[in-house]
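For reference, the structure is listed below as structure tokens.
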Amino acid sequence: MSREASLQAGPEESPEGGRYASLVRGLFRDEYASRSLYRLIRRGSVKRIVREVAAGKESRVYLGVSPDGKPLAVKVYFIESTSFRGHLKYVKGDHRFRSFKEKAWSIATLWCWKEFRNLHRAYRAGVKVPAPIDYEGNVLVMEFVGDCFKPAPTIKEYPPNDMNKALSLILKYMSLLWKKARLVHGDLSEYNILNHSNELYIIDWSAAVETTHPKAETLLLNDLKNIVKFFSRFIETPDHTYLYKVVVKNEIKKVDGRWGILI
Ligand SMILES: Nc1ncnc2c1ncn2[C@@H]1O[C@H](COP(=O)(O)OP(=O)(O)OP(=O)(O)O)[C@@H](O)[C@H]1O
Ligand SMILES: [Mg+2]
Numbered sequence: 142m143s144r145e146a147s148l149q150a151g152p153e154e155s156p157e158g159g160r161y162a163s164l165v166r167g168l169f170r171d172e173y174a175s176r177s178l179y180r181l182i183r184r185g186s187v188k189r190i191v192r193e194v195a196a197g198k199e200s201r202v203y204l205g206v207s208p209d210g211k212p213l214a215v216k217v218y219f220i221e222s223t224s225f226r227g228h229l230k231y232v233k234g235d236h237r238f239r240s241f242k243e244k245a246w247s248i249a250t251l252w253c254w255k256e257f258r259n260l261h262r263a264y265r266a267g268v269k270v271p272a273p274i275d276y277e278g279n280v281l282v283m284e285f286v287g288d289c290f291k292p293a294p295t296i297k298e299y300p301p302n303d304m305n306k307a308l309s310l311i312l313k314y315m316s317l318l319w320k321k322a323r324l325v326h327g328d329l330s331e332y333n334i335l336n337h338s339n340e341l342y343i344i345d346w347s348a349a350v351e352t353t354h355p356k357a358e359t360l361l362l363n364d365l366k367n368i369v370k371f372f373s374r375f376i377e378t379p380d381h382t383y384l385y386k387v388v389v390k391n392e393i394k395k396v397d398g399r400w401g402i403l404i
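Residues in the sequence shown are numbered consecutively from 142, following the numbering used here.
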């Protein structure tokens, strides 16, 4: 059986009460995530989980399959992650999360919801991100970015062929984010940009904040610093404080095949 065909195989019936155990138990390490997955299966956002494909500091990412056979990225936030606590200072300054109460169990859920909403806003503004599909509890479902059911490499692992073009595109996305989505990614670096056949996808949106957040400018400067540091290993790059003004206020253009910015 081909890999694609084997992904499409699986339980045909819609899951009900007694089927919970056979469908999801043991798939994820935490029971809360398994229950959330069960709800996602019941409402038809996911058909099944194939295997784990990546693990980060805050989450584990699985390859899943949609009811129509498409590969999905299913991100499960760890219930206990010390780095979540570090992020709480950003939640506290964001008016969207005014009613949030700091409880251990709810932090992962909040992070999941926050990433889903941020993904949506970025997607609608025209930034290339995995298309958001659904979320429940601490489980987020989105478009799978990769080939042959393997996640696309990050730009750190696989730098784009044309680094000038890639930098120009990332700055365009940062500008769209600021001006249209009114967001700052907040954790942008070569580790959170996937290179899928020279198409760049920005991932990992749980730390993004609104442009009205008191730390928005600091976070944007920091994102630019990370990007400039990475690209300056390959090409000549302007200073990140200069690019800050460009992203927030002005148009970006490429001049004479080199990096140039028209103000
Ligand atoms: N939509 C996606 N499609 C394919 N693979 C993905 C997708 N989202 C995440 N991944 C894979 O999972 C990895 C970790 O994802 P992400 O950065 O969102 O999680 P994280 O827990 O914040 O990780 P880290 O702590 O390493 O930043 C990515 O580097 C990538 O390999
Ligand atoms: Mg990441």
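For glycine and all other residues, C-beta sits at the position ideal for the given N, C-alpha and C.
(1) Any chance the stretch 362-370 sits against the stretch 341-351, with 3 or more Cβ pairs inside 8 Å?
(2) Consider the C-beta atom of G205 and the heavy atoms of ligand 1; say whether any pair is separated by less than 7 Å.
(3) Kindly list the residues whose CB is nearer than 6 Å to the CB of E284, restricted to its own chain and excluding five residues on each side of it in sequence; keep chain order.
(4) Measuring alpha carbon to alpha carbon, tell me which of Y179, G197, G205 ends up nearest I190.
(5) Where DSSP assigns a beta bridge to G295, which residues make up the other side?
(6) Since A406 and H337 should fall inside the 8 Å C-beta cutoff, what is the C-beta to C-beta distance between them, to a whole number of angstroms?
(7) In terms of residue numbering, what span does the alpha helix (DSSP H) encompassing G323 cover?
(8) Rounded to whole angstroms, what is the Cα-Cα separation between V286 and L324?
(9) Taking the continuous alpha helix (DSSP H) assigned at I190, which residues delimit it?
(10) Does N339 pass the burial test, meaning 16 or more other C-beta atoms within 10 Å, or should it be called exposed?
(11) So, at 7 Å on beta carbons, what are the nonlocal neighbours of S200 in its own chain, with the 5 sequence-adjacent residues on each side left out?
(12) Check each residue's C-beta against every heavy atom of ligand 2 and list, in chain order, those closer than 6 Å.
(13) Going by DSSP, what residue range makes up the beta strand (DSSP E) through L427?
(14) Might you give, ordered along the chain, the residues of its own chain that have their beta carbon closer than 7 Å to the beta carbon of E256, omitting 5 neighbours on each side?
(15) Quick check on the DSSP output: the alpha helix (DSSP H) that includes T277 runs from which residue to which?
(16) Can you give the beta carbon distance from I311 to I334, rounded, assuming they're within the 8 Å contact cut?
(17) Grouping DSSP H, G and I as helix and E and B as strand, with all else coil, what is S200?
(18) Closer than 7 Å to a non-hydrogen atom of ligand 1 - does that hold for the CB of G287?
(19) Can you tell me which of the three DSSP states A307 falls into?
(20) Let me confirm a value: P355 is counted as buried when at least 16 other C-beta atoms fall within 10 Å, else exposed. Which label applies?
(21) Go ahead and label R170 buried or exposed: buried means 16 or more other beta carbons lie within 10 angstroms of its beta carbon, across all protein chains shown.
(22) Which stretch, first to last residue, makes up the alpha helix (DSSP H) that contains A214?
(23) I182 by DSSP, collapsed to three states: which one?
(24) Just tell me which of L329, N279, P300, A263 has its CA closest to the CA of W252.
(25) Below 7 Å, is the gap between the Cβ of P271 and the nearest heavy atom of ligand 1?
(26) If you measure from the CB of Y202, is any heavy atom of ligand 1 nearer than 7 Å?
(27) Taking only heavy atoms of ligand 1 into account, decide whether any of them is closer than 7 Å to the Cβ of M315.
(28) State the Cα-Cα distance for the pair I368 and S309, rounded to the nearest angstrom.
This is what the structure holds:
(1) no
(2) As a working note, residue 205 is residue 64 in the sequence shown. Outside the cutoff, so no.
(3) Residue numbering aside, residue 284 sits at position 143 when the sequence shown is read from its first letter. These residues qualify, in order along the chain: P271, A272.
(4) Residue 190 sits at position 49 when you count from the first residue of the sequence shown. Out of Y179, G197, G205, G205 has the C-alpha closest to the C-alpha of I190.
(5) Taking the sequence shown and counting its residues from 1, the one referred to as residue 295 is at position 154. For the record, residue 295 in the displayed sequence is Thr; it is not Gly. Paired residues: L335.
(6) Here the chain comprises residues numbered 142 to 404, so residue 406 is not present and cannot be evaluated.
(7) Here residue 323 refers to the residue found at position 182 when the sequence shown is read from its first residue. Reading off the sequence, residue 323 comes out as Arg, not Gly. Counting along the chain, R323 falls outside any alpha helix (DSSP H), and DSSP gives it neither H nor E.
(8) Residue mapping note: residue 286 aligns to position 145 of the sequence shown, counting from 1. Residue mapping note: residue 324 aligns to position 183 of the sequence shown, counting from 1. Computed Cα separation, rounded: 22 Å.
(9) Indexing the sequence shown from 1 puts residue 190 at position 49. It is not in any alpha helix (DSSP H) - I190 instead sits in the beta strand (DSSP E) that spans 189-196.
(10) Taking the sequence shown and counting its residues from 1, one reaches residue 339 at position 198. So N339 counts as exposed.
(11) Residue numbering aside, residue 200 sits at position 59 when the sequence shown is read from its first letter. If we look at S200 and ignore the five residues flanking it on each side, its Cβ neighbours are K216, V217, Y218, F219.
(12) G197, Y332, N333, D345
(13) This structure cannot speak to residue 427, because the chain is shown only from 142 to 404.
(14) Position 115 of the sequence shown, counted from the start, is the residue given in the question as residue 256. For E256, where only same-chain residues beyond five positions count, the Cβ hits under 7 Å are L281, W346, S347.
(15) As a working mapping, residue 277 is identified with position 136 in the sequence shown. The question names Thr, but residue 277 in the sequence shown is Glu. Careful: E277 lies outside any alpha helix (DSSP H), inside the beta strand (DSSP E) at 273-277.
(16) Position 170 of the sequence shown, counted from the first residue, corresponds to residue 311. Position 193 of the sequence shown, counted from the first residue, corresponds to residue 334. Their Cβ separation, rounded to whole angstroms, is 7 Å, which keeps I311 and I334 in contact under 8 Å.
(17) Position 59 of the sequence shown holds residue 200. DSSP places S200 in strand when its eight states are reduced to three.
(18) Here residue 287 refers to the residue found at position 146 when the sequence shown is read from its first residue. Because some heavy atom of ligand 1 lies under 7 Å away, the Cβ of G287 counts as near it: yes.
(19) Taking the sequence shown and counting its residues from 1, one reaches residue 307 at position 166. Helix.
(20) On the sequence shown, residue 355 is found 214 positions in, with the first residue counted as 1. With fewer than 16 Cβ atoms within 10 Å of its Cβ, P355 is classed as exposed.
(21) Translated into the one-based positions of the sequence shown, residue 170 becomes position 29. Flag for R170 reads exposed.
(22) Within the sequence shown, the letter at position 73 stands for residue 214. Where A214 is concerned, there is no enclosing alpha helix (DSSP H), although the beta strand (DSSP E) it sits in stretches over 212-218.
(23) Your numbering for residue 182 matches position 41 in the sequence shown. Looking at I182 - three-state DSSP - the assignment turns out to be helix.
(24) Within the sequence shown, residue 252 is the residue found at index 111, counting from 1. It is N279.
(25) Residue 271 sits at position 130 when you count from the first residue of the sequence shown. Yes, the Cβ of P271 comes within 7 Å of a heavy atom of ligand 1.
(26) The residue you call residue 202 lines up with position 61 of the sequence shown. In the sequence as presented, Tyr is not what sits at residue 202; that position holds Val. Yes, since a heavy atom of ligand 1 falls inside the 7 Å radius drawn around the Cβ of V202.
(27) In the sequence shown, the residue the question calls residue 315 occupies position 174. Answer for M315: no, Cβ out of range of ligand 1.
(28) If you number the sequence shown from 1, residue 368 lands on position 227. If you number the sequence shown from 1, residue 309 lands on position 168. Roughly 11 Å between the two C-alpha positions.
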